[in-house]
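In this text, residue positions in the sequence shown follow the numbering used here: the first is 211, and each later residue adds one.
All remarks here apply to the structure that follows.
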Amino acid sequence: MPRRTIERQRTEVPAPFTNILGFRELFGKQNVPDLDLLRVHLANQGRLDMVAIREILDRTTIILSKESNLLLINGKVTVVGALHGHFYDLLTILKKTQTVPDTKLLFLGSYVHNGNFGVETVIFLLTMKLLNPNQVFLLRGSQDCRTVAELQFKQECLTKYCKLAFYWIMDAFDSLPLAAVVNGNVFCVHGGISSRLKSMQDIEKINRFREPPKKGLFTDLLWSDLNYEETEDGNQMQKRFSFNQDRRISVYFSLRALFEFLYSNNFRLLVRSNQLLSEGAYFHGTTDDGTIRYPFVSLCSASNVMNYRNKGGYLFVTPTTVGLRQIAWVPQPYILPNGMNAFDWSLSFLMKKVVLILADLLDVEEGLLQIDIKKHKHIQTLKSQGYPLSLLKIDRKKLAAYIAQREKERTQILRIEKMSASENRIRN
């Protein structure tokens, strides 16, 4: 018998921390959060109490709100792209950057969505900002708004904490700056440029303390894309901006628009992070000898996004050089869909199998439906009403789907009741 069939590759996995890290333990006598303690606790899937979360968010939001829309950063800077809730990728990048002293950190947004550890990523980054406000800089991304976060991140907050945590984090996102200039010549933003962006003063005029609108400069900074498909001799080259058909929001900007923007503002490079990339970074127009023809770099620092098996990438920028660093796929704890526990996850599966077994025992023909299963929920009820079992013909798949839907509704009701009880404890 092959070895792999009789022995597990890993005989055990560490259990998640079950203790709640409280405010007093995290902040200590000095009233300052212990970053190392927080790192270990979150890396082991530990949770914080709501008081500690609120304190971190409130303090950091005050710092963020005092920063301008456009950050000016000088020196050696590590530029990190979208993390998408990949907390363990973040820890890997931080471990690698610790080897370079006096390095500042610039994050380009999209801290949540697509990953299972968005809450941990946000809390840890905000704590880093709180402790090192002049070394850590955070920009807003396209995923860091309510309209997108409602799709997945809200469910993560409800599973791990409650809806108050989601609302608090969204309020903190409203304070994030929108763009940065590194060493005077590298423009960094999550999305791209806009037809409404003529100078850096236009960014400063934006009211960023709100949800991004459906269109405008604010939206384009988060969502716009370079039109990769155009060619120098094509008609598209003459059109600087066009509607973004892929995203159904914001615009495409052409190479011509990019050149004009960089030239008019004395920039040599634009760095953005609103794209999934197989190698973690894309230098648009890089030639065989390594020179950059078109000064445009797109980053994605999260590895294996949605099992895409991509690498993560980040930049190391100095006043004279720009270097790419990559990380391979980083292992992380497995999380069931929507953060379900094993019992909730397996119940619907178990019910489907029970129904199929019951149907087989009754010798029910598959593919036929003569009885409304919404009116007759159980086989015994049908039998008591005089239906001969030999003539009973039920579509097994539809019956299983119906029962599974009822179990899903029951699970949601239990979850809502649990969240309501948690919120009542917080208010009291």
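Each residue gets a CB set at the ideal place from its N, CA and C atoms; glycine is no exception.
Quick caveat, the model's predicted, so the values are computed rather than measured.
7 Å Cβ cutoff met for residue i and residue j
i	j	result
Ser162	Gly232	Any question about residue 162 goes unanswered here, given that the chain covers just 211 to 638.
Phe428	Ile416	yes
Asn393	Asn475	no
His400	Gly351	yes
Gly490	Gly533	no
Phe376	His323	no
Leu280	Ala359	no
Phe451	Leu480	no
Leu245	Leu374	no
Tyr462	Asn437	yes
Asn395	Arg478	yes
Val391	Leu282	yes
Val540	Thr302	yes
Arg356	Met380	yes
His294	Gly256	no
Ser483	Leu509	yes
Trp555	Leu568	no
Nonlocal neighbours in the same chain, by C-beta distance under 6 Å from residue i, ignoring five residues either side
i	result
Phe237	Pro243
Leu267	Trp378 and Ala382
Ile459	Trp433
Pro598	Residue placement at Pro598 cannot be trusted, given a pLDDT of 45 that sits under 50; what the coordinates show is reported in the next sentence. Cβ neighbours of Pro598 beyond the five flanking positions: none.
Gln536	Gly490, Lys521 and Gly523
Leu258	Leu231
Tyr492	Ser508
Phe553	none
Cβ-based burial, residue i [other Cβ within 10 Å; buried from 16]
i	result
Ala225	exposed
Val516	The amino acid occupying residue 516 in the given sequence is Met; Val does not appear at that position. By the 10 Å Cβ count, Met516 comes out exposed.
Glu330	buried
Gly426	exposed
Arg420	exposed
Glu366	buried
Phe642	Nothing in the structure corresponds to residue 642, since the chain is present only between 211 and 638.
Ser513	buried
Ser464	buried
Lys339	buried
Tyr298	buried
Val289	buried
Gln595	Bear in mind that the predicted position of Gln595 carries a pLDDT of just 49, short of 50, making it too unreliable to give a figure here.
Asp430	buried
Pro422	buried
Asp435	buried
Ser278	exposed
Ser404	buried
Ile272	exposed
Val565	buried
Phe453	exposed
Glu619	exposed
Ser409	exposed
Arg418	buried
Other residues of its chain near residue i: CB distance less than 8 Å, five sequence neighbours each side excluded
i	result
Asn254	Pro224, Pro226 and Phe227
Leu335	Leu300, Phe317, Tyr321, Val346 and Leu348
Lys286	Val310, Asp312, Thr313, Lys314, Phe526, Val527 and Thr528
Asp354	Gly319, Ser320, Tyr321, Val322, Phe383 and Leu386
Leu274	Lys339, Leu348, Ala382, Ser385, Leu386 and Pro387
Arg249	Leu301 and Phe334
Ile263	Ile333, Tyr371, Ala375 and Trp378
Cβ shell of residue i (< 7 Å), same chain only, five flanking positions each side left out
i	result
Thr183	Within the shown structure, residues of the chain are numbered from 211 to 638, placing residue 183 beyond reach of any answer.
Tyr518	Leu486
Ala538	Ser513 and Lys521
Leu247	Leu236
Gly328	Gly295, Tyr321, Val322, Phe363 and Glu366
Cutoff 7 Å: residue i Cβ touching any chain D Cβ
i	result
Trp539	The structure shown has no chain D; it contains just one protein chain.
Residue i: CB within 6 Å of a non-hydrogen atom of the ligand MG
i	result
Phe477	This structure lacks the ligand MG; in fact it carries no ligand of any kind.
- Message: With three or more C-beta pairs closer than 8 Å as the rule, is the region 331–350 touching the region 297–317?
- Response: By the C-beta criterion, the region 297–317 is judged to be in contact with the region 331–350, since at least 3 inter-stretch pairs fall below 8 Å.
- In chain order, which beta strand (DSSP E) runs of at least 3 residues are fully inside the region 267–316? With a minimum length of 3 residues, the continuous beta strand (DSSP E) runs that stay inside the region 267–316 are 280–283 and 287–290.
- Task: Run through the region 359–431 for me and flag every whole alpha helix (DSSP H) of 4 or more residues, listed as ranges in chain order.
- Result: Counting whole runs of 4 or more residues, the region 359–431 contains the alpha helix (DSSP H) stretches 363–370, 373–383 and 410–414.
- Task: For the region 519–544, list the beta strand (DSSP E) runs that are entirely contained and at least 3 residues long, ordered along the chain.
- Result: For the beta strand (DSSP E) assignment, the uninterrupted runs of no fewer than 3 residues enclosed by the region 519–544 are, from N- to C-terminal side, 522–527 and 532–537.
- Item | Sequence ranges, beta strand (DSSP E) only - wholly within the region 318–364, length at least 3 | Fully enclosed beta strand (DSSP E) runs of 3 or longer: 346–348.
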